[in-house]
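In this note's numbering, the protein residues as written are 1 to 165. From the three backbone atoms N, C-alpha and C, an ideal C-beta is built for every residue, glycine too. Since we're looking at a predicted model, the values are computed, not measured. Notes to accompany the following structure.
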């Protein structure tokens, strides 16, 4: 199931990239999404910047149909590989993720682009729940949970862009 989400910031592409690759920002995003525990790693690989976020989340909102697959918590692992800036400051990233020990995976792209006086961060993901018969029924719940988390992260990013952190 496809998930597309974007957010606009009153900042330059360079400033938005600095925010989304900041360890403290990512840790605050984990706290804002009610992670029970988390591990944030930002590293360099060649010319790429790799952001890996692992967070343990309560499984309270998992529908009954999926509870037998997940247990009381979910361990969500997300990796963004941000490629070097283009001449206009825009950037692209490859995004992958999973909910550990479940049949849930996500794969897609993220982008940071200048748009007039603002910068847009866009995410385009394909979310899969690889379980025969019920996978398609579970995907909307997973997508809604991811969308909710990303919206909270975007709100925090806007706060950071405004200097509030």
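query, result
"Endpoints, the beta strand (DSSP E) within which residue 32 is located", "Premise fails: residue 32 lies in the alpha helix (DSSP H), 23-32, not in any beta strand (DSSP E)."
"Buried versus exposed, by CB contacts within 10 Å (16 or more), residue 157", "buried"
"From 121, 86, 76 and 82, residue whose alpha carbon lies closest to that of residue 57", "76"
"Residue 97 (DSSP reduced to helix, strand or coil)", "strand"
"Cβ-Cβ distance between residue 135 and residue 103 below 9 Å", "yes"
"Closest Cα partner of residue 39 within the set 80, 148 and 52", "52"
"Residue 24, buried or exposed, once every other Cβ within 10 Å from all chains shown has been counted against 16", "exposed"
"Cβ shell of residue 106 (< 6 Å), same chain only, five flanking positions each side left out", "97, 125 and 127"
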